[in-house]
Structures are given as C-alpha cells and as structure tokens.
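Each residue of the sequence shown is one higher than the one before, starting from 844 at the first, in the working numbering.
For every residue, glycine included, the Cβ atom is placed at its ideal position computed from N, Cα and C.
Inspection log for the structure reproduced underneath, given as structure tokens.
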Amino acid sequence: LRNTPGGLIVRVDETLAFYKDSSRFRLRGTEDPSIYKDPATRRVVGNIGNSMLTIADTLRAAGDYAGAEAVTRMALQRLPFLSSALYLWADLMGDQGKIDEIQALLDTVNVNDRLRGPIDTLRLRVSLARAYRRRERPNEAASILQETLDIKPDYRRAFDELMRIYVQSQNMRKVVETLRAWVAHNPDDVQTRETLRRLESGIGQQTGDSGRQ
844 LRNTPGGLIV RVDETLAFYK DSSRFRLRGT EDPSIYKDPA TRRVVGNIGN SMLTIADTLR
904 AAGDYAGAEA VTRMALQRLP FLSSALYLWA DLMGDQGKID EIQALLDTVN VNDRLRGPID
964 TLRLRVSLAR AYRRRERPNE AASILQETLD IKPDYRRAFD ELMRIYVQSQ NMRKVVETLR
1024 AWVAHNPDDV QTRETLRRLE SGIGQQTGDS GRQ
C-alpha cells in the first residue's frame, strides 16, 4: 500500500505474497490477550490489520472471493481484536449468499467482546439480509431489515438495503411506505425527505391524469 497525491495505490499481488510468506511476515502474540500491548503497539498492529483488510476488500471488489476470504480469515486469526475484520467477513458471506455462515456468526458472537469491544450485531443482520437477497429470497431479507429498523429506526445500512429490495422489485407502495417511516424517524435527512416529496408528487400527478381520462 502506498499513499500518493492521487490516492491510495494498492499493490495487491505484491502485498498478498508478503502476507503469505512466513519467512518475511511474522506476527507473534497478537492473538494472545494475556500479552500486554501498549497503545503504540496496538496502533502499529492495527495499521497492519487495516492494510490486510484493504487488500481483502480490493480482492472482493475484483470478484476474487476466495482470495478475500483467505486474507480476512488470516486477519481474524492473527488480529482477533479487529472488529472490522468480523464485519468484512460477514460482508463477504453476504455477497455470496452464505446464509448459514452469517447466522452461525450471529449465534456465537459475543456482543460485549472483551477483545473487540462492542459488536454491532445490526450490521451483521444487514449482511444476513443481503445473503437472503442473493439467494433470491427477498421477502425474508426484507423481514430481517424491517426488524432491524424497528430496533434502530435511524440505521442507514438497513434502510439502504431495504430500499434496494423494493426498488428492484418495483414495489412502489413499499418504497413510499419505507421512505415515509424513515423521514418520520429522521426528520433532518433533507435529501430523503425531498426524494419522498418528489415521488409522492409524481404519484399524485399520475393519479390525477388517470382520473381525467
């Protein structure tokens, strides 16, 4: 990885080869909570973890899920305090429609993990919903997302995923219903409120035109 004025350059093959080469890349004690790590050490190790996850996410974007899973699994094993690795793993499973894997994660994850800190289980639920959607089971996906919004009405990830389902299925009644609920709970979201206004205006115009015919 290298920062340049034009952005971050990710040398995937070179960096991946480095992480897989045990003669060059060694991490000892990072997975052992009994070994004390001062803030500076945690920061350095955290930077290594973020680098690994950047590589994994780049592989994911390129459609190399096997490679992305391998790097993320390494991060989970060697750097277990990184909650971001847990979330990326769930995203990878969601992308591939691996429902059982995410459900198992939800069933076993410790919400108040001593190493990782508080775990956002709602984010894992969104990944589970995505897995159902990938398996062409949109009703179950929508149910999970609606339950998530019932728990936390301002949870944007769940809202965006639910809207994606209803837009793709062209279910305008549910689109409007979901937008109204979001705006009611999130009145400061000006952009979404404007989207709802335009949509309702268009529906009203169509209704008026139909009535005059």
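In the DSSP output, what is residue i paired with across the bridge?
i, result
"asparagine 955", "Pro961"
Just to confirm my understanding: we take residue i, look at its own chain, exclude 5 residues before and 5 after, and list those with CB closer than 7 Å. What are they?
i, result
"serine 1012", "Pro981"
"threonine 964", "Leu949, Val952 and Val954"
"tyrosine 879", "Only weak support exists for where tyrosine 879 lies, its pLDDT of 48 falling under 50; the coordinates are left without a value."
"glutamate 912", "Leu935"
"alanine 1010", "Before going further, note that residue 1010 is valine rather than alanine in the sequence given. Answer for valine 1010: Val1018, listed in chain order."
"methionine 895", "Tyr862, Val914, Met917 and Ala918"
With a CB to CB cut of under 8 Å and the five nearest residues on each side skipped, what residues in its chain are close to residue i?
i, result
"arginine 978", "Gly940 and Ile942"
"arginine 966", "Tyr930, Ala933 and Arg1000"
"aspartate 1032", "Trp1025 and Val1026"
Rank the options by C-alpha distance to the C-alpha of residue i and give the top, closest one.
i, options, result
"asparagine 893", "Gly906, Tyr908, Leu929 and Ala909", "Leu929"
"leucine 919", "Gly910, Tyr908, Asp907 and Trp932", "Trp932"
"lysine 1017", "Ser970, Glu1043, Leu965 and Leu949", "Glu1043"
"asparagine 953", "Glu983, Phe924 and Thr991", "Phe924"
"glycine 889", "Ser926, Phe1002, Asp938 and Asn1029", "Ser926"
"arginine 886", "Leu922, Asp907 and Ala905", "Leu922"
"alanine 985", "Ile1008, Leu967 and Leu1022", "Ile1008"
"valine 914", "Thr897, Gly906 and Gly1045", "Thr897"
"alanine 905", "Arg916, Asp938, Ala974 and Met917", "Asp938"
"leucine 798", "Arg968, Tyr975 and Arg1023", "Lying before the first or after the last residue shown, residue 798 is absent from the chain, which here runs from 844 to 1056."
"tyrosine 975", "Leu992, Ile945 and Thr991", "Ile945"
"valine 990", "Asp900, Gly1045 and Thr1021", "Sequence check: residue 990 is glutamate here, not valine. Nearest of Asp900, Gly1045 and Thr1021 to glutamate 990, Cα basis: Thr1021."
"methionine 1015", "Ile1046, Arg968, Asp1032 and Arg1036", "Ile1046"
Might you give, ordered along the chain, the residues of its own chain that have their beta carbon closer than 6 Å to the beta carbon of residue i, omitting 5 neighbours on each side?
i, result
"alanine 947", "none"
"aspartate 934", "Ser970"
"phenylalanine 1002", "Trp1025"
"leucine 988", "Ala972, Ala1001, Glu1004 and Leu1005"
"glycine 910", "Leu902"
"asparagine 1029", "Asp997"
Please determine if the segment 992 to 1006 and the segment 945 to 959 are in contact, where contact requires at least 3 C-beta pairs separated by less than 8 Å. Two segments are said to touch when three or more pairs of C-beta atoms, one from each, lie closer than 8 Å; by this definition the segment 992 to 1006 does not touch the segment 945 to 959.
Considering only residues of the segment 918 to 942, which uninterrupted alpha helix (DSSP H) runs meet the minimum length of 4 residues and lie entirely inside it, listed in chain order? Residue ranges of uninterrupted alpha helix (DSSP H) with 4 or more members, entirely inside the segment 918 to 942 and ordered along the chain, are 926 to 938.
Suppose only complete runs of 4+ residues qualify. What are the alpha helix (DSSP H) ranges in the segment 996 to 1053, listed by chain order? If we require 4 residues or more, the alpha helix (DSSP H) runs fully inside the segment 996 to 1053 come out as 999 to 1011 and 1015 to 1028.
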